[in-house]
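A.B. asks: These protein sequence lines map, in sequence, to chains P and Z.
Quick note on numbering: numbering that gives the first Met the number 0 labels position 84 of the first sequence as 83, and the sequence is numbered without any gaps.
Quick note on numbering: numbering that gives the first Met the number 0 labels position 43 of the second sequence as 42, and the sequence is numbered without any gaps.
Number of protein chains: 2
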Amino acid sequence: MSIALRSVGWREPALQCVLCDARRKGICGALDDDQLATFDRASHRVVLESGAELVGDAERFDHFAILLSGVVKLTKTLSDGRQQIVGLQFAPDFLGRPFRSESNLNAEAATEISVCIVPKPAFERMMLESPELERRLYRQALDELDQARDWMVALGRKTASEKIASFLLMIARCVQPAAGQASTSFDLPLTRADIADFLGLTIETVSRQLTRLRRDKIIAMTGTRRITVPNLARLEARAGN
Amino acid sequence: MSIALRSVGWREPALQCVLCDARRKGICGALDDDQLATFDRASHRVVLESGAELVGDAERFDHFAILLSGVVKLTKTLSDGRQQIVGLQFAPDFLGRPFRSESNLNAEAATEISVCIVPKPAFERMMLESPELERRLYRQALDELDQARDWMVALGRKTASEKIASFLLMIARCVQPAAGQASTSFDLPLTRADIADFLGLTIETVSRQLTRLRRDKIIAMTGTRRITVPNLARLEARAGN
DNA sequence: CGTCAGCTTGAAGGTGCTCAATAACCGTGG
DNA sequence: CCACGGTTATTGAGCACCTTCAAGCTGACG
Numbered sequence: 000m001s002i003a004l005r006s007v008g009w010r011e012p013a014l015q016c017v018l019c020d021a022r023r024k025g026i027c028g029a030l031d032d033d034q035l036a037t038f039d040r041a042s043h044r045v046v047l048e049s050g051a052e053l054v055g056d057a058e059r060f061d062h063f064a065i066l067l068s069g070v071v072k073l074t075k076t077l078s079d080g081r082q083q084i085v086g087l088q089f090a091p092d093f094l095g096r097p098f099r100s101e102s103n104l105n106a107e108a109a110t111e112i113s114v115c116i117v118p119k120p121a122f123e124r125m126m127l128e129s130p131e132l133e134r135r136l137y138r139q140a141l142d143e144l145d146q147a148r149d150w151m152v153a154l155g156r157k158t159a160s161e162k163i164a165s166f167l168l169m170i171a172r173c174v175q176p177a178a179g180q181a182s183t184s185f186d187l188p189l190t191r192a193d194i195a196d197f198l199g200l201t202i203e204t205v206s207r208q209l210t211r212l213r214r215d216k217i218i219a220m221t222g223t224r225r226i227t228v229p230n231l232a233r234l235e236a237r238a239g240n
Numbered sequence: 000m001s002i003a004l005r006s007v008g009w010r011e012p013a014l015q016c017v018l019c020d021a022r023r024k025g026i027c028g029a030l031d032d033d034q035l036a037t038f039d040r041a042s043h044r045v046v047l048e049s050g051a052e053l054v055g056d057a058e059r060f061d062h063f064a065i066l067l068s069g070v071v072k073l074t075k076t077l078s079d080g081r082q083q084i085v086g087l088q089f090a091p092d093f094l095g096r097p098f099r100s101e102s103n104l105n106a107e108a109a110t111e112i113s114v115c116i117v118p119k120p121a122f123e124r125m126m127l128e129s130p131e132l133e134r135r136l137y138r139q140a141l142d143e144l145d146q147a148r149d150w151m152v153a154l155g156r157k158t159a160s161e162k163i164a165s166f167l168l169m170i171a172r173c174v175q176p177a178a179g180q181a182s183t184s185f186d187l188p189l190t191r192a193d194i195a196d197f198l199g200l201t202i203e204t205v206s207r208q209l210t211r212l213r214r215d216k217i218i219a220m221t222g223t224r225r226i227t228v229p230n231l232a233r234l235e236a237r238a239g240n
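Okay, here's the thing in structure tokens:
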């Protein structure tokens, strides 16, 4: 699959990157025309189905990637199987760990995703040439650190119901960047098992808390994935903070 | 106090930075002689007692700092008072959040500390001039992100006794960089309350788990702060992972 | 219509919390 | 040197929240 996509890249060298969302909102906006052409030649796009593993724990990697659509979960697993999601990435996030050749976590597609894949050496060369690119990566790392710290508070100090409310709010914000609305509805990108692994809970507790929110008319659900929040403020009141 | 120390800086412009530990092991190693002299002129050293607040949540800040000795804790607090430590900084870490003018957490001296303080504008100018400096900051941010993610696993999935064991191991490694030893002893830089806030537990649970480790001869304590670990491997076996 | 994965619901039990009392530590001053 | 007050730490008893285990349910897809 990746070979076929790469050949499309060769035939239309500038098309992919010029129109790409990662250029407007992601790190590729740091690149000038020449660098963008280089990037276009070195990179190629791939679509992966939900559950596909991008890189395993303690595994060497030789590619970076930029997430163009879908959600990627970063997980860590203890030797006895207990698992924790330590990060969620949304488009157009950069995926990878510069200055390391081996991963210390597992990156897996939580939904169907499309990614732009670029070989590590080519990308590292661009990082050296473009301080602006490195600055954007640095900014993203700092943003991820802020997020991780917010979730540490949730994991360490919030109750199960506060965790669920906080999680729904986070998803609502990440999936629907249109803020300010009083009401929203969206599809959960994660299964109950993933939500449990993200919040440090069990599947059963996640389910129970969701039904409690539904019983209290804070949310409504159609099927098991689609969530409607008639009043975001009421949900926020449940999030603790 | 800070004014008196700054005047020392003026009289001996190159002395402080040239001998400083932050130059060998910290971010200042990125600076050439000219930049180091500039840095020396712009910065000054301060000693702060345990409990001193470096910056408050939602507070504007106009200085960065480099931690020269001691331990700084980064905390977040929910509206009802529940608190979580989201990071610990050791010498010679950089303290601050580039690209933001307002803090989203509280930074407080957990022990007596000495810091090198530098005004934000001067430091940002140096960041622009020295890609190597920015690269080191980026590296530190990535390292902190790795650490934060490791602690997310502990917070979400480890039991109280595993959390305590993991915490003791982390402190042993950060305070005593000499690795490979079978046994160690060290002083805890945190009170029981701080340890509880770091691990998402209560003071009582921290105390009980420490006495359990002592009862099982995994650790020995003299006073309430000094810990001796006769066999690090046995402690590691309690850490989960 | 059957099957399978994902989800929900129930009952029982355990880990860690709350509340409360005692004990150790430490700086101060007699 | 020791007595003293305040802070910090330990220990105990009871309880709450979340987990565990187990059973049904829902919905997608053959």
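Idealized CB from N, CA, C, for every residue including glycine.
Closest to residue 121 of chain P by C-alpha separation, out of P:63, P:135, P:226, P:217, would be which residue?
C.D. replies: Residue 121 of chain P sits at position 122 when you count from the first residue of the first sequence. Measuring from the Cα of residue 121 of chain P, the nearest candidate turns out to be P:63.
A.B. asks: Within its chain, find whatever has a CB closer than 7 angstroms to the CB of residue 7 of chain P; leave out the 5 residues flanking it on each side and keep chain order.
C.D. replies: Position 8 of the first sequence, counted from the start, is the residue given in the question as residue 7 of chain P. For residue 7 of chain P, the predicted structure reports a pLDDT of 38, less than 50, and the residue's modelled location is therefore unreliable. A value from the coordinates is still provided. Excluding positions up to five away in sequence, the list is empty.
A.B. asks: Since residue 245 of chain Z contacts residue 171 of chain Z with CB under 8 angstroms, what's their CB separation in whole angstroms?
C.D. replies: Limits of chain Z in this structure are 0 at one end and 240 at the other, which puts residue 245 of chain Z out of reach.
A.B. asks: Do the stretch 84 to 101 of chain Z and the stretch 136 to 143 of chain P touch if we need at least three Cβ pairs shorter than 8 angstroms?
C.D. replies: yes
A.B. asks: Within the same chain, show all residues whose beta-carbon is closer than 6 angstroms to that of residue 183 of chain Z, passing over the 5 residues directly before and after it, in chain order.
C.D. replies: For this step, residue 183 of chain Z is matched to residue 184 along the second sequence. For residue 183 of chain Z, where only same-chain residues beyond five positions count, the Cβ hits under 6 angstroms are 171, 175, 228.
A.B. asks: In chain Z, which residues lie less than 7 angstroms from residue 78 of chain P when you measure between Cβ atoms?
C.D. replies: The residue you call residue 78 of chain P lines up with position 79 of the first sequence. The contacting residues are 240.
A.B. asks: In the DSSP assignment, the beta strand (DSSP E) including residue 89 of chain P goes from what residue to what residue?
C.D. replies: Locating residue 89 of chain P in the first sequence gives position 90, counting from the first residue. That run of the beta strand (DSSP E) goes 82 to 89.
A.B. asks: What residues of chain P sit near residue 97 of chain Z, judged by a beta carbon separation below 8 angstroms?
C.D. replies: Stepping through the second sequence from its first residue, residue 97 of chain Z is reached at position 98. What residue 97 of chain Z touches in chain P: 137, 141.
A.B. asks: Based on the DSSP output, what are the partners of residue 105 of chain Z in its beta bridges?
C.D. replies: Counting from 1 along the second sequence, the entry for residue 105 of chain Z is found at position 106. DSSP output for residue 105 of chain Z lists Z:74 as bridge partner(s).
A.B. asks: Distance check for residue 191 of chain Z and residue 224 of chain P, CA to CA, integer angstroms please.
C.D. replies: Here residue 224 of chain P refers to the residue found at position 225 when the first sequence is read from its first residue. Here residue 191 of chain Z refers to the residue found at position 192 when the second sequence is read from its first residue. Rounded to whole angstroms, residue 224 of chain P to residue 191 of chain Z spans 42 angstroms at the Cα level.
A.B. asks: In the structure shown, what three-state DSSP assignment does residue 124 of chain P receive?
C.D. replies: Counting from 1 along the first sequence, the entry for residue 124 of chain P is found at position 125. Helix at residue 124 of chain P.
A.B. asks: Which residues, taken in chain order from the stretch 47 to 67 of chain Z, show a beta carbon closer than 9 angstroms to some beta carbon of chain P?
C.D. replies: none
A.B. asks: How about the stretch 23 to 34 of chain Z and the stretch 148 to 158 of chain Z: do they share at least three Cβ pairs that are nearer than 8 angstroms?
C.D. replies: no
A.B. asks: Here's the rule I'm using: 16 or more other beta-carbon atoms within 10 Å means buried, otherwise exposed. How should residue 42 of chain Z be labelled?
C.D. replies: Translated into the one-based positions of the second sequence, residue 42 of chain Z becomes position 43. Residue burial is scored here from C-beta neighbours: residue 42 of chain Z has at least 16 other C-beta atoms within 10 angstroms and is therefore classed as buried.
A.B. asks: DSSP three-state call for residue 221 of chain Z: helix, strand or coil?
C.D. replies: By 1-based counting over the second sequence, the position of residue 221 of chain Z is 222. Residue 221 of chain Z falls in the strand class under three-state DSSP.
A.B. asks: Do residue 91 of chain P and residue 66 of chain P have their C-beta atoms closer together than 8 angstroms?
C.D. replies: Your numbering for residue 91 of chain P matches position 92 in the first sequence. Your numbering for residue 66 of chain P matches position 67 in the first sequence. Yes, the pair counts as a contact, with Cβ atoms nearer than the cut-off.
A.B. asks: Hey, residue 187 of chain P and residue 217 of chain P are a contact pair by Cβ (cut 8 angstroms); roughly how many whole angstroms apart?
C.D. replies: Stepping through the first sequence from its first residue, residue 187 of chain P is reached at position 188. Stepping through the first sequence from its first residue, residue 217 of chain P is reached at position 218. Going by Cβ atoms, the distance from residue 187 of chain P to residue 217 of chain P rounds to 15 angstroms, so no, they are not a contact pair.
A.B. asks: Should residue 74 of chain P be labelled buried (16 or more other beta-carbon atoms within 10 Å of its own) or exposed?
C.D. replies: Taking the first sequence and counting its residues from 1, the one referred to as residue 74 of chain P is at position 75. The residue is buried, with at least 16 neighbouring Cβ atoms inside 10 Å.
A.B. asks: Measuring straight from C-alpha to C-alpha, what distance separates residue 127 of chain P and residue 205 of chain Z?
C.D. replies: Position 128 of the first sequence, counting from 1, holds the residue named residue 127 of chain P. Position 206 of the second sequence, counting from 1, holds the residue named residue 205 of chain Z. If I take the Cα positions, the gap works out to 46 angstroms.
A.B. asks: With a threshold of 7 angstroms on Cβ separation, who are the neighbours of residue 129 of chain P within its own chain once the five nearest residues in sequence on each side are excluded?
C.D. replies: Taking the first residue of the first sequence as position 1, residue 129 of chain P is located at position 130. Same-chain partners within the cutoff: 29, 30, 34.
A.B. asks: Between the stretch 43 to 53 of chain P and the stretch 101 to 113 of chain P, can you find at least three pairs of beta-carbon atoms closer than 8 angstroms?
C.D. replies: Contact holds: three or more Cβ-Cβ distances are below 8 angstroms.
A.B. asks: With C-beta atoms as the reference, is residue 148 of chain Z less than 8 angstroms away from residue 85 of chain P?
C.D. replies: Here residue 148 of chain Z refers to the residue found at position 149 of the second sequence. Here residue 85 of chain P refers to the residue found at position 86 of the first sequence. The answer is yes: Cβ separation under 8 angstroms.
A.B. asks: Please list, in chain order, all residues of the same chain as residue 125 of chain Z whose beta carbon is under 8 angstroms from its beta carbon, the five residues on each side excluded.
C.D. replies: As a working mapping, residue 125 of chain Z is identified with position 126 in the second sequence. Correct list, in chain order: 30, 34, 37, 38, 132.
A.B. asks: Measuring only the C-alpha atoms, how far is residue 230 of chain Z from residue 181 of chain Z?
C.D. replies: Residue mapping note: residue 230 of chain Z aligns to position 231 of the second sequence, counting from 1. Residue mapping note: residue 181 of chain Z aligns to position 182 of the second sequence, counting from 1. One C-alpha to the other measures close to 5 angstroms.
A.B. asks: With a threshold of 8 angstroms between beta-carbons, can residue 104 of chain P be considered close to chain Z, or not?
C.D. replies: Stepping through the first sequence from its first residue, residue 104 of chain P is reached at position 105. Judged by the 8 angstroms Cβ criterion, residue 104 of chain P is in contact with chain Z.
A.B. asks: At least one CB of chain P closer than 8 angstroms to the CB of residue 130 of chain Z: is that the case?
C.D. replies: As a first step, residue 130 of chain Z is located in the second sequence; it is residue number 131 there, counting from the start. It does; some Cβ of chain P falls within 8 angstroms.
A.B. asks: What do you reckon, are the CB atoms on residue 136 of chain Z and residue 162 of chain Z nearer than 8 angstroms?
C.D. replies: Working through the second sequence from its first residue, we reach residue 136 of chain Z at position 137. Working through the second sequence from its first residue, we reach residue 162 of chain Z at position 163. Not a contact, by the Cβ cut-off of 8 angstroms.
A.B. asks: Just to confirm, are residue 114 of chain P and residue 88 of chain P a CB contact at a threshold of 8 angstroms?
C.D. replies: Numbered from its first residue, the first sequence carries residue 114 of chain P at position 115. Numbered from its first residue, the first sequence carries residue 88 of chain P at position 89. Against a cut-off of 8 angstroms, the Cβ pair of residue 88 of chain P and residue 114 of chain P comes out as no contact.
A.B. asks: Measure from the alpha carbon of residue 47 of chain P to the alpha carbon of each residue in P:240, P:58, P:169, P:68, then state which is nearest.
C.D. replies: In the first sequence, residue 47 of chain P corresponds to position 48, counting from 1. It is P:68 whose Cα lies nearest to the Cα of residue 47 of chain P.
A.B. asks: What are the start and end residues of the alpha helix (DSSP H) that includes residue 48 of chain Z?
C.D. replies: In the second sequence, residue 48 of chain Z corresponds to position 49, counting from 1. Looking at the DSSP string, residue 48 of chain Z is not in any alpha helix (DSSP H), and its letter there is neither H nor E.
A.B. asks: Return the CA-CA distance between residue 211 of chain P and residue 219 of chain P, expressed in angstroms with no decimal places.
C.D. replies: The count along the first sequence starts at 1 and reaches residue 211 of chain P at position 212. The count along the first sequence starts at 1 and reaches residue 219 of chain P at position 220. Looking at the backbone, the Cα of residue 211 of chain P and that of residue 219 of chain P are separated by about 11 angstroms.
A.B. asks: For residue 75 of chain Z, which residues in chain P fall below 7 angstroms Cβ to Cβ?
C.D. replies: Sequence index remark: in the second sequence, residue 75 of chain Z carries index 76 (1-based). Chain P residues near residue 75 of chain Z: 148, 152.
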